[in-house]
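Participant: The numbering of the sequence shown is my numbering, which starts it at 9 and goes up by one. C-beta atoms are modelled at their ideal positions from N, C-alpha and C, and glycine is treated no differently. After the structure tokens below, expect a handful of questions from me.
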Amino acid sequence: FISGSAPLLAETHVQFENRTGHRILERYGMTETNMNTSNPYDGERRAGTVGFPLPGVELKITDPTTGNELPQGEIGQIEVRGANVFKGYWNMPEKTAEELRADGFFITGDLGLVDEDGYVSIVGRNKDLIISGGYNIYPKEIELVLDDQAGVVESAVIGVPHPDFGETVVGVLVVGGGNFDLQKIEGAVKEQLARFKHPRKLVVVDALPRNTMGKVQKNLLRDQYKDLFVG
9 FISGSAPLLA ETHVQFENRT GHRILERYGM TETNMNTSNP YDGERRAGTV
59 GFPLPGVELK ITDPTTGNEL PQGEIGQIEV RGANVFKGYW NMPEKTAEEL
109 RADGFFITGD LGLVDEDGYV SIVGRNKDLI ISGGYNIYPK EIELVLDDQA
159 GVVESAVIGV PHPDFGETVV GVLVVGGGNF DLQKIEGAVK EQLARFKHPR
209 KLVVVDALPR NTMGKVQKNL LRDQYKDLFV G
């Protein structure tokens with residue numbers, strides 16, 4: 009059982025094993041690189057991770073601003089190098105120069121970390137990073153808390169313009185069932201996350217916008233709610 013295309017919730021991984029007795033093989037790839045990493049076929053398939061770099065693939069975590077490699081365990085942008093990486097974008101030399109370094113490392117645009125055992129975890133897209141009042145906020149950390157609340161089917165956390173903080177956090181929720189309680193959800197967020205990570209507003213919708221691959225289109229949500237605090 010294989011999962012790719014979008015990050016798999018650790019909860020889904022665990023629930024699938026509890027119901028079927030099988031652990032999902034989660035891996036990570038891109039159009040520009042084919043496959044980069046995979047949990048082991050034989051070995052521990054760790055929930056919430058995409059495993060290890062495949063043979064012949066180099067992977068490092070770098071500072072999005074400087075490009076310098078970060079220490080193990082720190083969150084940064086994922087860069088990969090290997091025979092799997094493409095040669096460049098067709099007739100787009102400027103875009104190629106922006107994303108493919110001279111030494112062959114490709115800047116994936118994904119944010120992640122490598123833990124002490126070498127497992128790679130993806131925490132989101134670089135463009136989805138929220139910078140509020142000078143703090144870096146990773147939406148996935150907040151989404152995991154929201155998704156764990158009673159009545160929440162799924163969530164998407166975005167950054168929208170704010171006159172005082174530059175950006176602020178908004179949580180977009182899809183709910184189901186009669187046990188949904190917005191105040192309890194807000195209370196859980198306050199208990200589990202630092203104050204600067206608290207969504208300034210929670211919005212309930214019928215469904216999250218998705219592309220043909222099933223990925224949530226946060227760019228559409230950011231555009232939809234961009235005037236919540238400005239204008």
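Whose C-beta lies closer than 6 Å to the C-beta of Pro61 among residues of the same chain, with five residues either side of it excluded?
Facilitator: Residue numbering aside, residue 61 sits at position 53 when the sequence shown is read from its first letter. Correct list, in chain order: Thr45, Leu67.
Participant: Can the beta-carbon of Val211 be found less than 8 Å from the beta-carbon of Leu181?
Facilitator: Indexing the sequence shown from 1 puts residue 211 at position 203. Indexing the sequence shown from 1 puts residue 181 at position 173. Yes. Within cutoff.
Participant: Quick one: what does DSSP say Glu87 is sitting in, helix, strand or coil?
Facilitator: Taking the first residue of the sequence shown as 1, we reach residue 87 at position 79. In this structure, Glu87 counts as strand in the three-state DSSP scheme.
Participant: Relative to the C-alpha of Leu236, which candidate in Val213, Glu199, Pro217, Thr176 has its C-alpha closest?
Facilitator: Position 228 of the sequence shown, counted from the start, is the residue given in the question as residue 236. The candidate whose alpha carbon is nearest that of Leu236 is Thr176.
Participant: Could you have a look at Pro169 and say whether DSSP puts it in helix, strand or coil?
Facilitator: Position 161 of the sequence shown, counted from the first residue, corresponds to residue 169. Note: Pro169 maps to strand in three-state DSSP.
Participant: Roughly how many whole angstroms lie between the Cα atoms of Met43 and Asn76?
Facilitator: Counting from 1 along the sequence shown, the entry for residue 43 is found at position 35. Counting from 1 along the sequence shown, the entry for residue 76 is found at position 68. C-alpha separation (whole angstroms): 24 Å.
Participant: According to the neighbour-count rule (16 or more other Cβ atoms, all chains shown, within 10 Å of its Cβ), is Tyr36 buried or exposed?
Facilitator: What you label residue 36 is simply residue 28 of the sequence shown in a count that begins at 1. It counts as buried.
Participant: For the stretch 21-109, which segments carrying the alpha helix (DSSP H) assignment without a break, of at least 4 residues, lie completely within its bounds, in sequence order?
Facilitator: Runs of the alpha helix (DSSP H) inside the stretch 21-109: 101-107.
Participant: Sorted by chain position, which residues of the same chain lie with C-beta nearer than 7 Å to Asn5's C-beta, five sequence neighbours on each side aside?
Facilitator: In the structure as shown, the chain begins at 9 and stops at 239. Residue 5 is therefore absent and cannot be evaluated.
Participant: Taking its Cβ as the centre, do 16 or more other Cβ atoms sit within 10 Å of Glu82, making it buried, or is it exposed?
Facilitator: Here the question's residue 82 lines up with position 74 in the sequence shown. By the neighbour-count rule (16 or more Cβ atoms within 10 Å), Glu82 is not buried but exposed.
Participant: Going along the chain, which residues of its own chain have a beta-carbon closer than 6 Å to the beta-carbon of Leu16, five neighbours each way excluded?
Facilitator: Along the sequence shown, read from residue 1 onward, the residue named residue 16 stands at position 8. Within the same chain, Leu16 has close Cβ partners Glu34.
Participant: Between which two residues does the alpha helix (DSSP H) containing Arg230 stretch?
Facilitator: Within the sequence shown, residue 230 is the residue found at index 222, counting from 1. Segment 226-232, the alpha helix (DSSP H) holding Arg230.
Participant: So Val182 is in the beta strand (DSSP E); what residue range does that whole segment cover?
Facilitator: Walking along the sequence shown from the start, residue 182 turns up at place 174. Residues 174-183.
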